[in-house]
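I have placed the structure first, in the form of structure tokens, so that the comments after it can refer back to it.
There are 4 protein chains.
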Amino acid sequence: MNIYGTLFRISTFGESHGPAIGVVIDGCPAGLEINESFIQTELTRRKPGQSKITTQRKESDTFKILSGVFEGKSTGTPIALFIENEDQRSKDYSHIQHTYRPSHADFTYDAKYGFRDYRGGGRSSARETAARVAAGAIAKLLLKTVGVEISAFVSQVGDLKAPHYTQLNLSKTEDNIVRCPDASVAEKMIALIDEVRLSRDTVGGIVTCVIKNTPVGLGEPVFDKLHAELGKAMLSINAVKGFEYGSGFEGVRLRGSQHNDEFYNEGGKIRTKTNHSGGIQGGISNGEDIYFNVAFKPVATIMKDQYTVDKDGNETTVSGKGRHDPCVVPRAVPIVEAMAALVLADFYLRAKSSRLS
Amino acid sequence: MNIYGTLFRISTFGESHGPAIGVVIDGCPAGLEINESFIQTELTRRKPGQSKITTQRKESDTFKILSGVFEGKSTGTPIALFIENEDQRSKDYSHIQHTYRPSHADFTYDAKYGFRDYRGGGRSSARETAARVAAGAIAKLLLKTVGVEISAFVSQVGDLKAPHYTQLNLSKTEDNIVRCPDASVAEKMIALIDEVRLSRDTVGGIVTCVIKNTPVGLGEPVFDKLHAELGKAMLSINAVKGFEYGSGFEGVRLRGSQHNDEFYNEGGKIRTKTNHSGGIQGGISNGEDIYFNVAFKPVATIMKDQYTVDKDGNETTVSGKGRHDPCVVPRAVPIVEAMAALVLADFYLRAKSSRLS
Amino acid sequence: MNIYGTLFRISTFGESHGPAIGVVIDGCPAGLEINESFIQTELTRRKPGQSKITTQRKESDTFKILSGVFEGKSTGTPIALFIENEDQRSKDYSHIQHTYRPSHADFTYDAKYGFRDYRGGGRSSARETAARVAAGAIAKLLLKTVGVEISAFVSQVGDLKAPHYTQLNLSKTEDNIVRCPDASVAEKMIALIDEVRLSRDTVGGIVTCVIKNTPVGLGEPVFDKLHAELGKAMLSINAVKGFEYGSGFEGVRLRGSQHNDEFYNEGGKIRTKTNHSGGIQGGISNGEDIYFNVAFKPVATIMKDQYTVDKDGNETTVSGKGRHDPCVVPRAVPIVEAMAALVLADFYLRAKSSRLS
Amino acid sequence: MNIYGTLFRISTFGESHGPAIGVVIDGCPAGLEINESFIQTELTRRKPGQSKITTQRKESDTFKILSGVFEGKSTGTPIALFIENEDQRSKDYSHIQHTYRPSHADFTYDAKYGFRDYRGGGRSSARETAARVAAGAIAKLLLKTVGVEISAFVSQVGDLKAPHYTQLNLSKTEDNIVRCPDASVAEKMIALIDEVRLSRDTVGGIVTCVIKNTPVGLGEPVFDKLHAELGKAMLSINAVKGFEYGSGFEGVRLRGSQHNDEFYNEGGKIRTKTNHSGGIQGGISNGEDIYFNVAFKPVATIMKDQYTVDKDGNETTVSGKGRHDPCVVPRAVPIVEAMAALVLADFYLRAKSSRLS
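Residue numbers (this note's numbering), protein chains in the order written: chain R, 13 to 369; chain H, 13 to 369; chain F, 13 to 369; chain X, 13 to 369.
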């Protein structure tokens with residue numbers, strides 16, 4: 013399924029080396045100012061070739077709006093965003109055409125569909141996430157009208173960890189190429205990624221996302237809990253292996269008396285003293301910061317020979333060619349934000365019918 | 013949204029202290045033998061009062077099939093399962109009627125809906141999961157026709173951890189009341205839960221789920237990746253704070269060369285030497301074991317006074333009454349299995365149209 | 013699919029001779045007063061045995077609310093309505109167990125599902141519509157809060173036609189058993205139905221539905237046009253063969269200059285002079301009366317021998333047993349209204365996100 | 013909602029005078045040969061300017077496939093089809109920018125969305141149907157693999173009617189510009205349309221569609237009956253006012269004994285002697301011909317002055333400019349076929365999970 017969302021719905025398309033990728037957004041309310049330069053900024057944060065620690069594929073990732081915007085505003089009809097693939101020159105893919113790269117989707121796509129577009133990974137390429145970022149930018153514009161702010165950053169690379177988000181200045185995330193707001197940790201992370209790259213290997217990491225000013229009441233019982241949908245959205249991003257929100261996996265070690273977030277009255281507003289709940293209780297936002305961690309595995313394409321089989325089952329070896337991301341998390345930051353924005357925009361619209369006005 | 017699934021769809025209803033809870037299953041293929049005693053067994057695994065380490069609420073959780081089954085088989089029309097609430101006697105709820113229990117859904121439900129059924133938590137009570145288990149039992153029956161086996165167990169309580177699943181005999185899970193297949197760890201877990209219970213507190217834990225014999229090819233790119241939907245399904249269970257599959261959060265520390273699962277040919281079948289992928293590549297099952305961890309926070313209801321506010325914002329205290337689960341994971345085991353079964357049954361049906369026959 | 017609607021969603025279940033039928037309503041906004049006697053009134057309008065021109069099956073069609081209502085109001089969680097089947101005594105169904113009744117669903121259900129619940133038609137029985145009427149009653153309660161009024165009536169039986177709705181007093185619909193507000197036409201219709209019944213035959217008819225005070229702006233381009241969804245809803249009712257709105261099939265004979273509805277300003281409100289559009293333009297309500305016709309075929313069960321085959325293809329004959337409706341339209345009136353209410357309630361909620369507030 | 017279908021899903025976008033229109037098809041099974049010249053043939057049947065009785069807008073309606081097809085076959089991933097608007101030169105739209113054309117969607121779009129893209133009707137223009145035809149062509153290719161044949165034709169223009177489809181040779185539909193397979197009736201229809209055009213007026217008509225060789229068992233009880241979904245699909249086409257299948261509105265006049273379709277055994281195949289059911293019983297295909305009528309109103313744009321109001325409520329007049337279709341039905345034939353194909357393709361895939369294999 014390449015469609016996502018209930019009321020704010022996106023439908024994405026495109027392969028890594030086809031003519032174009034894109035997205036159709038259905039359900040964006042009319043009257044939203046569509047700031048095109050903001051959309052471009054978001055795409056640029058994700059695009060390849062932005063720094064020495066990312067893949068050097070050449071894509072400007074410029075987009076065109078084909079519909080749904082008139083005189084600078086959304087009209088309520090589908091907004092189609094279109095991004096041409098520039099780097100689609102005929103390459104030599106013979107090494108992967110018949111061979112299954114370890115921990116890629118080559119084998120499973122063949123098994124499911126009978127064959128696959130093997131050029132650059134086809135639909136399973138992370139190139140697909142550019143469409144998510146474009147759509148997420150519009151979701152962010154919608155959310156900004158009610159004050160919601162979404163900030164993701166790199167909180168871990170390999171064993172290197174940044175401090176807890178409450179001890180960071182999130183406005184500094186874009187100050188370095190690894191997108192970690194702690195400058196000294198960032199420096200180490202960059203050094204680690206560079207070292208891994210030189211050893212022709214890859215490394216994993218964690219992106220943390222913080223959402224401020226979420227209106228109280230977003231999220232739907234029982235299956236569409238806010239964190240359940242956030243989890244699905246994050247886990248749908250290539251290379252993601254885990255999701256936790258609030259106290260997450262660490263929370264299991266605590267006692268209820270330590271973990272519970274007591275309520276208090278702050279000048280007429282009901283708030284919690286602590287926030288192990290991660291801003292979500294019973295699947296519904298309570299107005300506190302929403303925060304969660306997204307675990308990314310090391311990129312599967314490495315520049316070393318690995319044992320594998322071809323599609324006829326013959327044993328062989330394969331190695332990456334060209335240049336790939338040695339670590340995916342710096343470029344994953346805007347993708348995580350985009351998916352978070354898509355989830356929140358959808359729940360924001362859905363909440364409009366929670367009760368009789 | 014109280015509806016879940018695309019082709020194998022469930023619609024659940026019911027509050028903790030209303031007359032009944034239940035589920036309507038739409039899309040179960042015709043001709044499936046509906047083994048009622050199996051459904052009852054599953055419900056009994058989840059029901060309260062089953063051991064000294066669970067809540068003592070009295071519910072037999074017996075069900076009635078209202079439709080969709082004829083002469084012992086599914087007819088292809090909706091299967092409605094109905095469970096009467098026995099323990100719905102009028103209790104004294106005055107302590108929570110106007111007061112927000114910390115880390116419960118009281119405040120958010122009020123904020124979202126304007127008021128709430130406060131009796132026993134209403135719809136936000138984990139009682140709702142009985143309907144999931146009933147539906148999941150039917151999903152399991154469907155999956156058994158193609159050999160899929162789903163086994164969950166308690167792998168962690170507080171700081172106490174069981175070994176990796178590959179070192180356990182999963183047939184021993186039901187041998188003890190905590191549902192950990194390692195007898196000596198189980199004993200310690202039971203002691204810990206009992207100690208926590210006596211201190212009027214609660215503790216969290218982790219449920220691990222292992223799925224064997226999944227057909228290759230289940231899961232849909234790009235948003236409905238198999239692990240993304242499993243993640244959503246698990247995160248929709250009450251008290252869940254995190255989800256990871258395969259190498260999960262630990263995997264981020266590895267290098268690609270360590271993490272990649274090399275393919276080999278095992279007597280004509282393409283397999284992987286390791287399984288950091290957790291049986292899923294590119295969002296699609298590859299035939300290896302699917303395994304994942306689900307983190308449960310400590311139960312929010314504790315038998316101690318906690319500071320909080322009432323719905324008018326006045327500061328007050330609240331304490332649990334009656335007897336509650338000191339740790340949710342033993343009873344969560346069948347719930348995790350049920351949600352996994354619902355996800356797989358749905359993808360199994362969806363995969364029927366992946367390619368021209 | 014036994015689920016209907018996008019935001020105001022119903023999930024129905026139940027067979028003609030199973031223990032019960034019912035419906036789960038998901039998405040009803042919180043805070044709606046649930047007037048139970050109104051729901052009962054609607055069910056009573058549909059129930060069998062209400063007059064000499066309907067089937068004499070004995071059903072009180074009393075319902076029970078199992079969830080989603082607290083202190084008389086909807087809570088925002090699923091509302092489950094449950095109706096026990098009283099007349100489920102073991103009858104002799106040997107004449108239809110193996111034999112395909114002409115123009116019934118016996119053959120197609122067998123072909124699709126491999127077997128069927130043959131008792132009284134099973135799921136394909138019009139008994140299923142009681143669940144729609146119950147859910148529709150709640151949709152009507154929601155719509156009443158914004159002033160929408162839905163009135164259906166019998167406008168044709170066989171060749172007997174009532175005048176155009178604008179020449180009728182719709183408050184008189186319930187004054188006679190055929191539910192035609194024109195008393196003299198009603199008398200002839202009743203005589204015709206009775207005559208048909210005595211000749212052991214059946215006859216078709218048309219139900220017309222008029223919706224007043226619809227807010228401007230309901231309906232979604234391009235596939236979910238208001239009249240398209242109304243059409244689907246009506247065509248999903250048993251025995252319906254056609255749907256037309258506004259000028260309908262007659263409108264094809266007109267010229268554009270005759271058919272177009274010119275706008276004028278009525279005291280500040282934009283209105284149309286004529287209403288060939290039937291209150292819907294471009295799939296969106298314009299505030300004028302919505303009106304449409306629904307064609308019902310003659311009931312398939314007749315008390316005469318008809319040629320047919322059994323499930324092994326042997327030629328045989330079959331005849332109806334017991335007493336059945338000689339004409340379905342009098343009892344179809346509340347069903348048509350219910351489906352119209354479900355459609356409008358859904359679009360009413362969906363319209364809340366048409367534009368930035 | 014600009015998304016249609018459950019498993020074979022389309023998402024369309026584009027305005028009449030924006031840069032492009034298009035469609036994303038999600039859920040097309042892998043391995044289908046995508047015959048591009050067939051898609052172009054279908055688009056050419058719909059395109060403007062094809063004869064003297066259609067609008068003279070200049071559009072070649074050539075399409076480009078952006079994704080989802082590799083080496084001539086569908087890959088199972090989304091197929092995006094893109095059609096540039098050629099005739100988007102800046103015209104003078106001042107006459108409709110502020111003025112509501114009678115029986116158009118101008119007023120309702122403004123009322124719903126707050127403003128509208130007024131150029132050529134924006135999203136409410138029938139130009140949007142080109143995307144449906146492109147998607148429908150792919151649905152037809154899928155259906156052809158199981159033998160389904162879909163043929164629509166013009167059966168009525170104004171008062172001029174063609175004989176019943178069973179008396180026509182449907183292979184002659186494309187032999188004349190009005191697409192009526194009866195040559196002599198076609199001639200009269202063309203003369204009528206031409207006369208209406210010269211009088212600066214428009215006229216309505218009916219398109220009949222016949223579907224042969226539908227597999228038995230397509231259609232889903234109870235809300236997604238095959239004819240209910242066909243009805244919705246047809247009613248979602250611009251200018252459609254009514255839908256009837258099988259005996260339709262005429263059927264209401266018959267007695268059950270006349271209307272019922274008796275079964276017989278034709279060489280081992282169960283068939284019906286008559287086909288008032290229109291190939292669908294209980295919402296499920298029975299293998300006989302499916303046939304239905306779709307009523308189109310006269311085109312709303314006429315070349316005469318009509319009274320209306322502007323958006324501030326001032327009374328004024330408006331008249332059509334340029335050249336428009338004097339009758340929509342000739343060009344509607346491929347649109348009706350396309351929507352029928354989309355419905356059947358979806359049900360064909362859905363039926364794959366009706367029963368245990």
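Glycine included, each C-beta is placed from N, C-alpha and C at the ideal position.
### Task
Buried or exposed for residue 326 (chain H), please, with buried defined as at least 16 other CB atoms from any protein chain shown within 10 angstroms of its CB.
Working through the second sequence from its first residue, we reach residue 326 (chain H) at position 314. Its Cβ having fewer than 16 others within 10 Å, residue 326 (chain H) is exposed.
#### Entry: Unbroken alpha helix (DSSP H) run spanning residue 144 (chain R), endpoints
Position 132 of the first sequence, counting from 1, holds the residue named residue 144 (chain R). 141 to 156 is the extent of the alpha helix (DSSP H) around residue 144 (chain R).
### Query
Would DSSP call residue 300 (chain R) helix, strand or coil?
Here the question's residue 300 (chain R) lines up with position 288 in the first sequence. Three-state DSSP puts residue 300 (chain R) in coil, outside helix and strand.
### Message
I'd like the list of long-range same chain contacts for residue 197 (chain F), defined as Cβ closer than 7 angstroms, with 5 residues on each side in sequence excluded.
### Response
Mapped onto the third sequence, residue 197 (chain F) falls at position 185. Closer than 7 angstroms at the Cβ level, and outside the excluded window around residue 197 (chain F), lie 172, 174.
### Query
Which chain H residues are close to residue 220 (chain X), counting only those with a beta carbon under 8 angstroms from its beta carbon?
Here residue 220 (chain X) is taken as the residue at index 208 of the fourth sequence, counted from 1. Near residue 220 (chain X) there are no residues of chain H at all, since even the closest Cβ is about 30 angstroms away, more than 8 angstroms.
### Query
Where residue 366 (chain F) and residue 64 (chain H) are concerned, what is the direct C-alpha to C-alpha distance, given to the nearest angstrom?
Here residue 366 (chain F) is taken as the residue at index 354 of the third sequence, counted from 1. Here residue 64 (chain H) is taken as the residue at index 52 of the second sequence, counted from 1. As the crow flies, the alpha-carbon of residue 366 (chain F) is around 54 angstroms from that of residue 64 (chain H).
### C-alpha gap between residue 164 (chain H) and residue 44 (chain R), whole angstroms
In the second sequence, residue 164 (chain H) corresponds to position 152, counting from 1. In the first sequence, residue 44 (chain R) corresponds to position 32, counting from 1. Approximately 47 angstroms between the Cα atoms of the pair.
### Query
Beta-carbon of residue 247 (chain F) versus every beta-carbon of chain H: anything under 8 angstroms?
For this step, residue 247 (chain F) is matched to residue 235 along the third sequence. For residue 247 (chain F), the answer is no, since every Cβ of chain H falls outside 8 angstroms of its Cβ.
### Task
Would you list, in chain order, the members of the stretch 19 to 40 of chain X that have their beta-carbon closer than 8 angstroms to a beta-carbon of chain R?
21, 23, 24, 25, 26, 27, 30, 31, 32, 33, 34, 36, 38, 39
### Task
State the DSSP-derived secondary structure class of residue 262 (chain X), mapped to helix, strand or coil.
For the purposes of this step, residue 262 (chain X) is identified with residue 250 of the fourth sequence, where counting begins at 1. Reduced to three states, the DSSP call for residue 262 (chain X) is helix.
### Query
Is there contact here, the stretch 59 to 77 of chain R with the stretch 326 to 337 of chain R, by at least three beta-carbon pairs under 8 angstroms?
yes
### Query
In chain X, which residues lie less than 9 angstroms from residue 266 (chain F) when you measure between Cβ atoms?
Taking the third sequence and counting its residues from 1, the one referred to as residue 266 (chain F) is at position 254. Residues of chain X passing the Cβ test: 170, 215, 216, 309, 310.
### Message
So residue 294 (chain R) and residue 121 (chain H) are supposed to be a Cβ contact under 8 angstroms. How far apart are they, rounded?
### Response
Here residue 294 (chain R) refers to the residue found at position 282 of the first sequence. Here residue 121 (chain H) refers to the residue found at position 109 of the second sequence. With 8 angstroms as the limit, residue 294 (chain R) and residue 121 (chain H) qualify as a contact, their Cβ atoms being about 6 angstroms apart.
### Query
Taking Cβ-Cβ distances shorter than 9 angstroms, what residues in chain H pair up with residue 89 (chain X)?
Here the question's residue 89 (chain X) lines up with position 77 in the fourth sequence. Those are 233, 234, listed as they occur along chain H.
### Task
Starting from the beta carbon of residue 14 (chain R), find every residue of chain X whose beta carbon is closer than 8 angstroms, and list them in chain order.
If you number the first sequence from 1, residue 14 (chain R) lands on position 2. Near residue 14 (chain R) (Cβ distances below 8 angstroms), the residues of chain X are 36, 38, 89, 90.
### Query
Which class does residue 237 (chain F) belong to by DSSP, given the choice of helix, strand or coil?
Position 225 of the third sequence, counted from the first residue, corresponds to residue 237 (chain F). Looking at residue 237 (chain F) - three-state DSSP - the assignment turns out to be coil, as it is neither helix nor strand.
#### Entry: Rounded distance between the beta-carbons of residue 314 (chain X) and residue 226 (chain X), thought under 8 angstroms
Numbered from 1 along the fourth sequence, position 214 holds the residue referred to as residue 226 (chain X). Numbered from 1 along the fourth sequence, position 302 holds the residue referred to as residue 314 (chain X). The Cβ separation is near 39 angstroms, so there is no contact.
### Query
What's the gap between the Cα of residue 129 (chain H) and the Cα of residue 340 (chain H)?
Numbered from its first residue, the second sequence carries residue 129 (chain H) at position 117. Numbered from its first residue, the second sequence carries residue 340 (chain H) at position 328. Spanning the two alpha carbons is a distance of roughly 23 angstroms.
### Message
Quick check: is the beta carbon of residue 364 (chain F) nearer than 8 angstroms to any beta carbon in chain R?
### Response
The sequence position of residue 364 (chain F) within the third sequence is 352, counting from 1. It does; some Cβ of chain R falls within 8 angstroms.
### Query
In chain H, what lies closer than 9 angstroms to residue 313 (chain X) by C-beta?
In the fourth sequence, the residue the question calls residue 313 (chain X) occupies position 301. What residue 313 (chain X) touches in chain H: nothing, since even the nearest Cβ is about 41 angstroms away.
### Query
Could you give the distance in angstroms between the alpha-carbon of residue 123 (chain X) and the alpha-carbon of residue 322 (chain X)?
The residue labelled residue 123 (chain X) in the question sits at position 111 within the fourth sequence. The residue labelled residue 322 (chain X) in the question sits at position 310 within the fourth sequence. Whole-angstrom Cα-Cα distance: 13 angstroms.
### Message
When you compare the CB positions of residue 90 (chain H) and residue 38 (chain H), do they come within less than 8 angstroms of one another, or not?
### Response
Here residue 90 (chain H) is taken as the residue at index 78 of the second sequence, counted from 1. Here residue 38 (chain H) is taken as the residue at index 26 of the second sequence, counted from 1. Yes.
### Message
Are the CB atoms of residue 290 (chain R) and residue 312 (chain H) within a distance shorter than 8 angstroms?
### Response
By 1-based counting over the second sequence, the position of residue 312 (chain H) is 300. By 1-based counting over the first sequence, the position of residue 290 (chain R) is 278. The Cβ atoms of residue 312 (chain H) and residue 290 (chain R) do not sit closer than 8 angstroms to each other.
### Task
At 9 angstroms on the CB atoms, spell out the chain F contacts of residue 42 (chain R), in chain order.
For the purposes of this step, residue 42 (chain R) is taken as residue 30 along the first sequence, with counting starting at 1. Within 9 angstroms Cβ-Cβ: 366, 367, 368.
### Query
Distance, Cα to Cα, residue 108 (chain H) vs residue 76 (chain R)?
Position 96 of the second sequence holds residue 108 (chain H). Position 64 of the first sequence holds residue 76 (chain R). Near 54 angstroms, if we compare the C-alpha coordinates of residue 76 (chain R) and residue 108 (chain H).
### Query
For the beta strand (DSSP E) that contains residue 202 (chain X), what are its first and last residues?
For this step, residue 202 (chain X) is matched to residue 190 along the fourth sequence. Counting along the chain, residue 202 (chain X) falls outside any beta strand (DSSP E), though it belongs to the alpha helix (DSSP H) covering 195 to 210.
### residue 1 (chain X) vs residue 216 (chain X) beta-carbon contact at 8 angstroms
Since the first residue of chain X shown is 13 and the last is 369, residue 1 (chain X) is not available in this structure.
### Query
Is the Cβ of residue 109 (chain F) closer than 8 angstroms to any Cβ of chain X?
Counting from 1 along the third sequence, the entry for residue 109 (chain F) is found at position 97. Judged by the 8 angstroms Cβ criterion, residue 109 (chain F) is not in contact with chain X.
### Query
Mind checking if residue 356 (chain F) is an interface residue toward chain R, Cβ cutoff 8 angstroms exclusive?
As a working note, residue 356 (chain F) is residue 344 in the third sequence. It does not; no Cβ of chain R falls within 8 angstroms.
### Task
Note down, in chain order, every chain X residue with its Cβ under 7 angstroms from the Cβ of residue 113 (chain R).
Reading the first sequence from its first residue, position 101 is the one you call residue 113 (chain R). Correct list: empty, because the minimum Cβ distance to chain X is about 18 angstroms.
### Message
Using only the alpha-carbon positions, how far apart do residue 152 (chain X) and residue 318 (chain R) sit?
### Response
For the purposes of this step, residue 152 (chain X) is identified with residue 140 of the fourth sequence, where counting begins at 1. For the purposes of this step, residue 318 (chain R) is identified with residue 306 of the first sequence, where counting begins at 1. Taking the straight line from one Cα to the other gives about 44 angstroms.
#### Entry: Proximity test, Cβ basis, 8 angstroms: residue 157 (chain R) and chain F
Looking up residue 157 (chain R) in the first sequence gives position 145. Judged by the 8 angstroms Cβ criterion, residue 157 (chain R) is in contact with chain F.
### Query
In chain order, what residues of the same chain have a beta carbon less than 7 angstroms from the beta carbon of residue 231 (chain X), not counting five sequence neighbours either side?
Position 219 of the fourth sequence, counted from the start, is the residue given in the question as residue 231 (chain X). Once the five neighbours on either side are set aside, the close Cβ partners of residue 231 (chain X) are 237, 238, 292, 295, 296, 297, 359.
### Message
Alpha carbons only, please: which of X:179, X:203, X:204 is nearest the one belonging to residue 194 (chain X)?
### Response
Within the fourth sequence, numbered from 1, the residue matching residue 194 (chain X) stands at position 182. Ranking X:179, X:203, X:204 by Cα distance to residue 194 (chain X) puts X:179 first.
#### Entry: Neighbour-count burial assignment, residue 86 (chain F), 16 or more Cβ in a 10 Å radius
Position 74 of the third sequence, counting from 1, holds the residue named residue 86 (chain F). Result: buried.
### Message
Just to confirm my understanding: we take residue 241 (chain F), look at its own chain, exclude 5 residues before and 5 after, and list those with CB closer than 6 angstroms. What are they?
### Response
By 1-based counting over the third sequence, the position of residue 241 (chain F) is 229. Taken in chain order, the residues that qualify are 355.
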